[in-house]
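Notes to accompany the following structure.
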Amino acid sequence: MSLNVLYCEGNSKSLDIRLLQQLLPGTCLIKPIGGKNYGFEEKIISDRAINPKLAGLCDRDFDCRDFRIANEPIKWFYGDVQIGWFWERKEIENYAIDPEVVGLALGRKAPPIDEYKAALQKAAETISAYTAARTALSCYRFKNSWGEQVDKTHYFPQISKLGKDRCRDKIKEIVRQNKGDRIVEEQNVVDKFENLLPLYRPDGDRFQNLLTFFAGKDLLYVMKHKLQEFGFNSKDPINEFLERIFQRIELSEDVWTWMPEWQKLRESITNFDS
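Mapping of the sequence shown onto our numbering: position 75 corresponds to residue 149, and the numbering continues sequentially without gaps.
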């Protein structure tokens, strides 16, 4: 059967909605119901009792699952019942900043692709330890970001404070201040961080697949000045860059063909059978 309602994160003006409206068939109503911290899964489960043709779609965020990249959404189960999917990549920005999408969306106005790819790589190198730390904290369900507020929901440390030692100290501080009566110790999370760190270094598997495992928002923030060099030189180059991409996405009729995962999501929505 085909889904006719898809719950997703965000609000009516979020990037998630703007993309999904172009990816999915018009027979599927897309309804944003906030973030995962507000009973997202419970809402899907209870509302499927009213409409079994309803499912959900969430960002994967940082997690501890090991999976082979398949360029398709990850199935989301409650017990033995599939209730939706997780995006395979960390968050929606990870798709928008993909060089393939940037090239298709911006055409001749896109940055030189080799230079753009190099900027992505450089940004990932800058945040490699921070990303490993965020992942380790997520594995133990602690808040996983810190620093200055750079957007409504986005915090980021000073660039000079992204090194391994700084991240290790911050992990200890966050665990110490937030563990409450839990048995988890600072060293448990630090050990996880140390084990993950090689994966996020330039020769590591997760670095090699940085658009899946790193945070798109973090990459964009580090690339802010480079985006200005590429011609996105308003007061908010990140927003200008994303807005140009999404404006083009909204004008295109076959966006789901741009990426294998997008095409697979459209097919899964059409042929859903829970």
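Using N, Cα and C, we set each Cβ at its ideal position, and we do this for glycine too.
Extent of the continuous beta strand (DSSP E) run through residue i
i	result
K105	103 to 106
L128	128 to 132
V155	155 to 160
Where residue i sits in the DSSP three-state scheme
i	result
L80	strand
K149	strand
F114	helix
F141	coil
F352	It is not possible to answer for residue 352, since the shown part of the chain is limited to 75 through 348.
F288	coil
F320	helix
I257	coil
I124	coil
N85	coil
E327	coil
Element boundaries [alpha helix (DSSP H), containing residue i]
i	result
Q282	279 to 282
D265	260 to 274
W336	334 to 344
L301	298 to 303
R242	238 to 252
I91	89 to 97
Contacts around residue i, its chain only, beta-carbon distance under 6 Å, and the 5 residues preceding and following it disregarded
i	result
I171	G290
Y214	V258, V263
F304	P185
Cβ distance (whole Å) where residue i is taken to contact residue j below 8 Å
i	j	result
I18	L211	Outside the displayed range of the chain (75 to 348) lies residue 18, so it cannot be described from this structure.
C82	D90	5 Å
A206	F281	With a Cβ gap of about 10 Å, A206 and F281 do not count as contacting.
G158	G177	With a Cβ gap of about 30 Å, G158 and G177 do not count as contacting.
Beta-carbon proximity list for residue i, same chain, < 8 Å, skipping 5 on both sides
i	result
R208	F136, N218, S219, A289
Sequence-distant residues of the same chain with beta carbon closer than 7 Å to residue i, five excluded per side
i	result
N125	V79
G181	none
7 Å Cβ cutoff, residue i in contact with chain D
i	result
W332	No chain D appears in the structure shown, which is made up of a single protein chain.
* Asked: Fully enclosed by the region 150 to 226, which alpha helix (DSSP H) runs are 4 residues long or longer?
  -> 167 to 170, 173 to 180, 187 to 200, 202 to 213
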